[in-house]
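When the letters of the sequence shown are read in order and numbered with this note's numbering, they come out as residues 222 to 410. Just so it is clear, CB atoms sit at the ideal spot from N, CA and C, and this is done for glycine as well. Bear in mind that the values here come from a model prediction, so they are computed numbers and not experimental data. The structure under discussion appears below in the form of structure tokens.
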Amino acid sequence: MNELARLPGIGMRSAERIAFYLLKERPEEAMKLADAIRDVKTRIRNCSVCYNLTEADPCAICGDASRDQGVVCIVEQPKDLLALESTGLYKGVYHVLLGRISPLEGIEPSDLTIDALMKRLASGTIREIIMGTNPTMEGDGTALHLQSLIGQFPNVSVTRLARGLPSGSNIEYANRNILADAIAGRQKM
Ligand SMILES: [Zn+2]
């Protein structure tokens, strides 16, 4: 229970419920969870191309010949990649920075996977970079830094994910920043 309660979002009550559930569970079912936890620490690593989390290297996305290897979406974390993948709409590949530039937290460009990104660009196969960093001050700062670096590759166009009103939301509940982005990013209909 103490170990379970250390997990994010799990309080003592939930830890208790999970522990009793595991006690009742058939041994092979409980061992599946134990094996999965061990695998996370022994078999999962970062893809040597895009730095996504993977068991095989390169990862399934980098190794997929049906995806456009000339379009690369830059994201901060593997979970951002997962969110974009869940749409099923994106057919390019990714580059995971494993963080964002944050002077306050002492995270500098050299702490991210920017060198590897520059090597990918230097190989000459990339036509477009899509900035998929978070629309926060630090995410925007990171995107600006990358944009200036990518400037040395004039054949690469740099785009960024649209921002503004979330689908299914109401204008009256949107905050000022979201509305400002929505006005600035308006499109022809
Ligand atoms: Zn990969």
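Can you grab the Cα-Cα spacing for the pair residue 231 / residue 225, in whole Å? Answer to the nearest angstrom: the Cα atoms are 7 angstroms apart.
Do residue 272 and ligand 1 come close, with the Cβ less than 8 angstroms from some heavy atom? Residue 272 has its Cβ nearer than 8 angstroms to a heavy atom of ligand 1.
Which runs of the beta strand (DSSP E) at least 3 residues long sit entirely within the region 307 to 387? Give them in chain order. Counting whole runs of 3 or more residues, the region 307 to 387 contains the beta strand (DSSP E) stretches 313 to 317, 349 to 352, 378 to 381.
Return the chain-ordered list of same chain residues with a C-beta closer than 7 angstroms to the C-beta of residue 290, the five sequence neighbours on each side being excluded. Correct list, in chain order: 314, 346.
Would the region 232 to 239 and the region 277 to 287 be scored as touching if the rule is three or more Cβ pairs under 8 angstroms? In this structure the region 232 to 239 does not lie against the region 277 to 287, because fewer than three pairs of beta carbons, one per stretch, are closer than 8 angstroms.
Would residue 295 pass as a contact of residue 258 if the rule is Cβ separation under 9 angstroms? At the C-beta level, residue 295 and residue 258 stay beyond 9 angstroms of one another.
Just confirm the distance between the C-beta atoms of residue 297 and residue 327, as a whole number of angstroms; I'd bet it's less than 8 angstroms. With a contact defined as Cβ atoms closer than 8 angstroms, residue 297 and residue 327 miss out at about 16 angstroms.
By alpha-carbon positions, which one of 299, 406, 261 ends up nearest to residue 354? Cα-wise, what sits closest to residue 354 is 299.
If I measure Cβ to Cβ from residue 406 and keep anything under 8 angstroms in the same chain, skipping five residues before and after, which residues do I get? For residue 406, where only same-chain residues beyond five positions count, the Cβ hits under 8 angstroms are 383, 384, 385.
With distance defined between alpha-carbon atoms, name the residue in 309, 397, 270 nearest to residue 342. Minimum Cα distance to residue 342 is reached at 270.
Per-residue DSSP class, three states only, for residue 267: Residue state, collapsed to three classes: strand.
Going by C-alpha to C-alpha distance, which of 340, 229, 323 sits closest to residue 365? Among 340, 229, 323, the Cα nearest to that of residue 365 belongs to 323.
State the Cα-Cα distance for the pair residue 303 and residue 246, rounded to the nearest angstrom. Between residue 303 and residue 246, the C-alpha separation is close to 30 angstroms.
Taking only heavy atoms of ligand 1 into account, decide whether any of them is closer than 8 angstroms to the Cβ of residue 279. Checking the Cβ of residue 279 against ligand 1 gives yes.
Where DSSP assigns a beta bridge to residue 296, which residues make up the other side? Looking at the DSSP assignment, residue 296 forms a beta bridge with 317.
Sorted by chain position, which residues of the same chain lie with C-beta nearer than 6 angstroms to residue 275's C-beta, five sequence neighbours on each side aside? Result list for residue 275: 268, in chain order.
Between which two residues does the alpha helix (DSSP H) harbouring residue 225 extend? Secondary structure note for residue 225: its alpha helix (DSSP H) is the uninterrupted segment 223 to 226.
Assumed close pair residue 312, residue 348 - CB separation to whole angstroms, cut-off 8 angstroms: In fact, because the Cβ distance is near 13 angstroms, the residues do not count as touching under 8 angstroms.
If you measure between the beta carbons of residue 363 and residue 338, is that distance less than 9 angstroms? No, the pair does not count as a contact, with Cβ atoms beyond the cut-off.
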